[in-house]
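1 is the number of the first residue of the sequence shown in full-length UniProt numbering; add one for each residue after it.
Even glycine gets a Cβ: it sits at the ideal position worked out from N, Cα and C.
Below: one structure, written as structure tokens.
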Amino acid sequence: MPRLEEVANVVLRVPSILLLDMLYKCDIDSFTDHLKARTEDMLFKYKYVIWNIYYLGHIVSTVVLLLPLGHIIQLYLHVLCALLLYMGHQIVRDYVRDEAQYGYDSALFLDSPALNRFVTALTSQIIVSTLCAFLMRTQRVWLFSAHLLPLLARVVSVPLDWLLTLSSVSMMITGVEVAVFLLANLFVPYRLARAAYREIMAIEVTELYRLMAVGVSLWHGFAVPVLFSVFWFVLFGVQLVTNYGTITAVQQGPLLYLLTSVSECCASPYSLLGLTFVVSYMALGLLNLCKFYLGGFSALQNHNVMHSGVTEGVTLLLLALQTGLLDMAALQRCFLLFIILFIVLTSTLQSMSEITEPVVLGLGASRNRSVWKHLRGLSMCGFLLLFPGFMAYKISQFFNMDFWLLILVSSCMLTSLQVTGTLLIYSLFMVEVWRGAALPGLDEIVYYVNGVCRVLEFAVAVCVVAYGAWESLWGEWSWMGASVIIIHSYCNVWLRAQAGWKSFLLRQEAARKINVLPRASAEQLQNHNDVCAICFQDMTSAVITYCGHFFHGNCLRKWLYVQETCPMCHASIKPSSAHPTTAAGEAPPTHQSPAPSEQQPSPETRQEEQQGSHGDSVRSAEMNCDESERKYSNSERNCSKESLQHLHYGANCDFQGVANPVPSCSTHGDPEVASQELS
């Protein structure tokens, strides 16, 4: 039953929107201009009545649209009952006319044809009265039996001239009953609105929150997206059936025929809103299909607001309002809608690329051996690489290339460029897996590949803003266009520039800190005899932090993208007054780790040896380091998985994460213990 109520809640409201759409398309001015009357006074009255009917239709349709489901059902039941009563009146009227033409006014049982007509009419009237009583849920069937009056008069052999009069009287009785019912329920919408207003005012919150609560309640209660989508599909189906088989449809071809039908179904605000929701649902379906193809059912559980199809629907609505789609002729609307749908499809492909990129890079960085997963990811990349080029070729065949079209094609081809960068990074990861060793400078290559893509995206966004500003200044200016340019400038230009500059400064700061740190000599590396605590690889070259820990330079730089502390003891990685020699570029004193085959000395013995061999500055560094290690021994001795083997960069070239987490510390520098903990 709940599912049936949801269906009824949508289906029963669609006729109201259809009526509003028809009223919007009616040209009342043109209709009233063709009216003719004997006098100007009569013409004015005719126009007055027509305009009142026009406005009354809007009011009634809006009221019916906003009624609760129970009252809508009651309204449709009453309308159906009224139609049944009208059908009963027509049956009786036809019967009276047939009797008058036949001319037999004696007893019915003496004439077989007259008796058959009477039985048929009586049966029909009984069925109509019973159905009306059933729909109104009452046992007073006599309330709907006024049309039986001419039949009862025919039974008692009333003259045929009187039957037509009695038929009119029965119709008047029914009309009086309907009028009394309407007067008794005339203020039902007012009472419903007053009750709803009282419920809203009972909420002790601010006025703004009340409006938001009402909007959200109506949105969910009326299922607005589904409602307008069903309305648009009904409109589109009627349009297809109406134009099917015509000469114009045959000459246009299937693609242009569908596009023309779609353009005809967005000639009013209601149909445009319906098309917006339809496009949003179709984009959501494509994105979910992409997720399912790449990751199966589990990928559908990852909900992202930016990948819910809302962006595509809002894009279509804003572009349609900005370009004046509703006020254009049919042919112009068709071509403009083609361009708008091209932009929406480009946005959908961009969202599919954003879904595919982390999946493909994750497969390359995680060393996943599933061939089927790799094939699915690469095939999706191939589709996103070739299809935008096909779209750009098709739109260039329809229109002459100008600056605006060049921007559209460039935006479309950016998706192919991003996919190319993704495939290049994936190839580097696979080469690294095939070699079994880390590629030198891999992070630099990844950064520059992503950087080139983001710079080109930024350039296209700047061109769009510049061209839009030029059109607003020297062309047709509107508040809608100006607002779209401002929003686009903030979201796609300012935020991208800010994020890119922040990423660049962060990278420069990390490189500066690494360059300041001293490099470990071969003797120090031999005495240290340990692996890098970030990547767990042997160290042929390393940098030494101010707290005396050894790391690969590239590994530590990647760590500094995340936080500015030592991965081991969380001490700040910056020059300090306690380390004057270190700040000058000299190697700081380090922790000497014994060979794995030798027995580990006790902490007291190691501290005495260090105190005997180093000066005051060394003791100060050791105390800070040991204190930090004791502080984090309980929570991080089991190798916290914050350091990463493969780091990736996000849409703005900023660091976002890695594919393979690895432990960030080793137990006293012992590789065997570290590997046991990692497993």
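* To do: May I ask which residues mark the beginning and end of the alpha helix (DSSP H) holding Tyr55?
  => Tyr55 -> alpha helix (DSSP H) spans 40-66.
* Could you check which residue in Leu227, Cys266, Phe228, Ala459 has the C-alpha nearest to that of Gln239? => The shortest C-alpha to C-alpha distance from Gln239 to any of Leu227, Cys266, Phe228, Ala459 is the one to Cys266.
* Just the C-alpha distance for Ala8 and Pro189, rounded to the nearest angstrom, thanks. => Answer to the nearest angstrom: the Cα atoms are 20 angstroms apart.
* Asked: Helix, strand or coil for Phe222 per DSSP?
  -> Phe222: coil per DSSP, three-state reduction.
* Output yes or no for whether 8 angstroms exceeds the beta carbon distance between Ala542 and Leu525. => A contact, by the Cβ cut-off of 8 angstroms.
* Cβ neighbour criterion (16 or more within 10 Å) applied to Gly313 -> Under the 10 Å beta carbon count, Gly313 is surrounded by 16 or more other beta carbons and is classified as buried.
* **CA-to-CA distance, Ala571 to His614, given in whole angstroms** => Legend: pLDDT at His614 = 38, less than 50; position of this residue unreliable, value from coordinates given subsequently. Computed Cα separation, rounded: 21 angstroms.
* How would you write the range of the alpha helix (DSSP H) that Val371 sits in, first residue to last? -> Segment 371-398, the alpha helix (DSSP H) holding Val371.
* Determine, using beta carbons only, whether Leu337 and Phe387 come nearer to each other than 8 angstroms. => Contact flag unset, no.
* **Segments of 4+ residues assigned as alpha helix (DSSP H) that fall wholly inside the segment 481-565** => As far as the segment 481-565 is concerned, its whole alpha helix (DSSP H) runs of at least 4 residues are 495-516, 522-528, 553-562.
* Asked: So Ile425 packs on Leu361, CB below 8 angstroms; how close in whole Å?
  -> With a Cβ gap of about 6 angstroms, Ile425 and Leu361 count as contacting.
* **Those residues which DSSP pairs with residue 735 across a bridge** => Only positions 1 to 679 of the chain appear in this structure, which leaves residue 735 out of reach.
* Leaving out the 5 sequence neighbours to the left and right, which residues in its chain are closer than 6 angstroms to Arg630 when beta-carbon positions are compared? -> Residue placement at Arg630 is flagged as unreliable, the pLDDT there being 40, under the threshold of 50; a coordinate-derived value is accordingly withheld.
* **Same chain only: Cβ atoms within 7 angstroms of Met87, ignoring 5 sequence neighbours per side** => Answer for Met87: Val128, listed in chain order.
* **Distance between Leu4 and Arg13 (C-alpha atoms, nearest Å)** => Looking at the two C-alpha atoms, the distance is approximately 14 angstroms.
* Asked: Which class does Ala82 belong to by DSSP, given the choice of helix, strand or coil?
  -> DSSP places Ala82 in helix when its eight states are reduced to three.
* Buried versus exposed call for Asp98 [16 or more other C-beta atoms within 10 Å across all chains shown] -> Taking all protein chains in view, the Cβ of Asp98 is surrounded by fewer than 16 other Cβ atoms within 10 Å, so the residue is classified as exposed.
* Asked: Buried or exposed: which applies to Lys502, given that a residue is buried once 16 or more other Cβ atoms fall within 10 Å of its Cβ?
  -> Burial call: exposed.
* Among Gly175, Val156, Phe342, Arg154, which one has its Cα closest to the Cα of Ala146? -> Put simply, of Gly175, Val156, Phe342, Arg154 the residue whose alpha carbon is nearest the alpha carbon of Ala146 is Gly175.
* Asked: Can you tell me where the alpha helix (DSSP H) with Ala133 in it begins and where it stops?
  -> That run of the alpha helix (DSSP H) goes 112-135.
* Asked: Who are the near neighbours of Arg93 in its chain, counting only those whose CB is closer than 7 angstroms to its CB and skipping five residues on each side?
  -> The answer, listed in chain order, is Ser167.
* Closest residue to Phe31 among Trp51, Asp41, Leu321 (Cα-Cα distance) -> Per the Cα distances, Trp51.
* To do: In the DSSP assignment, find the unbroken alpha helix (DSSP H) run with Arg3 in it and report its ends.
  => Here the alpha helix (DSSP H) through Arg3 covers 2-11.
* Cα separation between Arg376 and Leu439? -> The alpha-carbon of Arg376 is positioned some 26 angstroms away from that of Leu439.
* To do: Measuring alpha carbon to alpha carbon, tell me which of Ile343, Ser366, Gln101 ends up nearest Val431.
  => Ranking the options by Cα distance to Val431, first place goes to Ser366.
* Tell whether a beta-carbon distance below 8 angstroms holds between His71 and Leu20. => Result no, Cβ atoms of His71 and Leu20 do not sit closer than 8 angstroms.
* Asked: Do Leu384 and Val419 come within 8 angstroms of each other at the CB atom, strictly closer than that value?
  -> A Cβ-Cβ contact shorter than 8 angstroms links Val419 with Leu384.
* Asked: Ends of the alpha helix (DSSP H) at Leu287?
  -> From DSSP, the alpha helix (DSSP H) with Leu287 extends over 269-295.
* Asked: So, do the segment 527-534 and the segment 545-564 have three or more beta carbon pairs nearer to each other than 8 angstroms?
  -> Contact holds between the segment 527-534 and the segment 545-564, because three or more Cβ pairs, one in each stretch, are under 8 angstroms apart.
* By Cβ distance, which residues of its chain are closer than 7 angstroms to Ala37, with the 5 residues on each side in sequence left out? -> Correct list, in chain order: Leu43, Tyr46.
* Nearest-angstrom Cα separation, counted from Thr315 out to Val344 -> So the two alpha carbons sit approximately 7 angstroms from each other.
* **Short Cβ contact (8 angstroms threshold) for Ser229 with Tyr281** => Cβ distance < 8 angstroms, so Ser229 and Tyr281 count as in contact.
* What is the residue span of the alpha helix (DSSP H) that Arg260 lies within? -> Here residue 260 turns out to be Thr, not Arg, going by the sequence shown. Per DSSP, Thr260 belongs to the alpha helix (DSSP H) from 254-264.
* Asked: What is the DSSP secondary structure of Val14, reduced to helix, strand or coil?
  -> The answer is helix: DSSP assigns Val14 an H, G or I state.
* Minimum C-alpha distance to Leu152 - residue among Tyr55, Leu517, Met136, Leu122 -> For the residues Tyr55, Leu517, Met136, Leu122, the minimum Cα distance to Leu152 belongs to Leu122.
* To do: Under 7 angstroms Cβ to Cβ from Val465, same chain only, skipping five residues before and after it: list those, please.
  => Only Ile485, His488, Ser489, Val493 meet the Cβ criterion.
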